[in-house]
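*Asks:* Take the sequence shown: its letters are residues 52 to 233, numbered as in my numbering. Before I ask anything, here is the structure I am working with.
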Amino acid sequence: MKPEKPTETSPDQGAGTGDRPLWREEFSIYKADERYVSRRQLTKFLTLTSLAMFAGNAWILVKSWLRSRVTYPERAIARAGEIPVDGVKLFEYPGPEDQCILVRTSEDRYVAFSQKCTHLSCAVYYSPAHHRIECPCHEGYFSIEDGSVLQGPPTRPLPRVVLERRGTDLVAIRMEAEREAR
Ligand code: FES
52 MKPEKPTETS
62 PDQGAGTGDR
72 PLWREEFSIY
82 KADERYVSRR
92 QLTKFLTLTS
102 LAMFAGNAWI
112 LVKSWLRSRV
122 TYPERAIARA
132 GEIPVDGVKL
142 FEYPGPEDQC
152 ILVRTSEDRY
162 VAFSQKCTHL
172 SCAVYYSPAH
182 HRIECPCHEG
192 YFSIEDGSVL
202 QGPPTRPLPR
212 VVLERRGTDL
222 VAIRMEAERE
232 AR
């Protein structure tokens, strides 16, 4: 039996109106309705895509905002003069799992970095002979001055621990963000 087209609702009068069920409008068996249905589907698709993109961008914004609000503890990690020139002290910062290395590079200068190589996370060490930080795993070298890469395979600098001298104490106050590292 040939299906009859309902007369109370035309495609331009809106979806799911009257007694006509929505599924009949979505999957119309009438040729004249096809263009209307595909146009409506396209509009729906574009609307949903825009919403998804908006939600994605909002999430990225929230995440970067949260990251910018990270606070670091202030912690005394050594006393000035505790280690000799070219000496090293290991410490944890900012968390108990985050191993760092403090190096006294001259009478009055101390630098500290994360001890985790930015290539594959091997523990780096200080080489006084070469005056640089070295990674034993794949011979990655970092500058003792600022943690920048001197020789690959690492491509990112070592995160630096910012130190402050308070009396005789050397206090770690924060980790330098990756984008700040030079
Ligand atoms: S893990 Fe350090 S160079 Fe590969």
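A virtual CB, placed ideally from N, CA and C, is assigned to each residue, including glycine. Computed from a predicted model, the values in this text were never measured in an experiment.
For arginine 233, collect the residues of the same chain with a Cβ closer than 8 Å to its Cβ; drop the 5 residues on either side in sequence, then sort them by chain order.
*Replies:* Interpretation of arginine 233 is limited by its pLDDT of 42, a score under 50 that renders its predicted location unreliable; the figure taken from the coordinates is listed afterwards. Hits under 8 Å: Asp197, Ser199, Pro208.
*Asks:* Kindly indicate which three-state DSSP category glutamine 166 falls into: helix, strand or coil?
*Replies:* Reduced to three states, the DSSP call for glutamine 166 is coil.
*Asks:* Please check the pair glutamate 164 and arginine 211, which I expect to be a contact at CB under 8 Å, by giving their CB distance rounded to whole angstroms.
*Replies:* According to the sequence as given, residue 164 is phenylalanine; it is not glutamate. So it is a contact: roughly 5 Å between Cβ atoms.
*Asks:* Reducing DSSP to helix, strand and coil, say where leucine 153 ends up.
*Replies:* Residue state, collapsed to three classes: strand.
*Asks:* On a Cα-Cα basis, can you pick out the residue from Arg118, Pro204, Ile224 that is closest to histidine 170?
*Replies:* Of the listed residues, the one whose Cα sits closest to histidine 170 is Pro204.
*Asks:* With a Cβ-Cβ cutoff of 9 Å, do cysteine 168 and valine 162 count as a contact?
*Replies:* Cβ distance not < 9 Å, so cysteine 168 and valine 162 don't count as in contact.
*Asks:* Nearest-angstrom Cα distance between tryptophan 116 and alanine 109?
*Replies:* The straight-line gap from Cα to Cα measures roughly 11 Å.
*Asks:* Label glutamine 242 either buried or exposed according to how many other C-beta atoms from any shown protein chain fall within 10 Å of its C-beta, with 16 as the threshold for buried.
*Replies:* This structure gives no information on residue 242, because the portion of the chain shown stretches from 52 to 233.
*Asks:* Excluding five sequence neighbours on each side, which residues of the same chain lie with their C-beta closer than 6 Å to the C-beta of arginine 155?
*Replies:* Only Ile134, Val136, Gly138, Tyr161 meet the Cβ criterion.
*Asks:* For alanine 129, is the classification buried or exposed, using 16 other Cβ atoms within 10 angstroms of its Cβ as the cut-off for buried?
*Replies:* It is buried - the Cβ of alanine 129 has at least 16 other Cβ atoms within 10 Å.
*Asks:* When every heavy atom of the ligand FES is checked, does at least one fall within less than 8 Å of the C-beta of cysteine 151?
*Replies:* Answer for cysteine 151: no, Cβ out of range of the ligand FES.
*Asks:* For arginine 126, which residues from the same chain have a beta carbon less than 6 Å from its beta carbon, with the 5 sequence-adjacent residues on both sides left out?
*Replies:* Closer than 6 Å at Cβ, skipping near neighbours: Ala223.
*Asks:* Please tell me whether arginine 183 and serine 172 are closer than 9 Å, where the distance is taken between their beta carbons.
*Replies:* No; because the gap between Cβ atoms is not below 9 Å, this pair is not in contact.
*Asks:* For glutamate 190, collect the residues of the same chain with a Cβ closer than 6 Å to its Cβ; drop the 5 residues on either side in sequence, then sort them by chain order.
*Replies:* If we look at glutamate 190 and ignore the five residues flanking it on each side, it has no Cβ neighbours.
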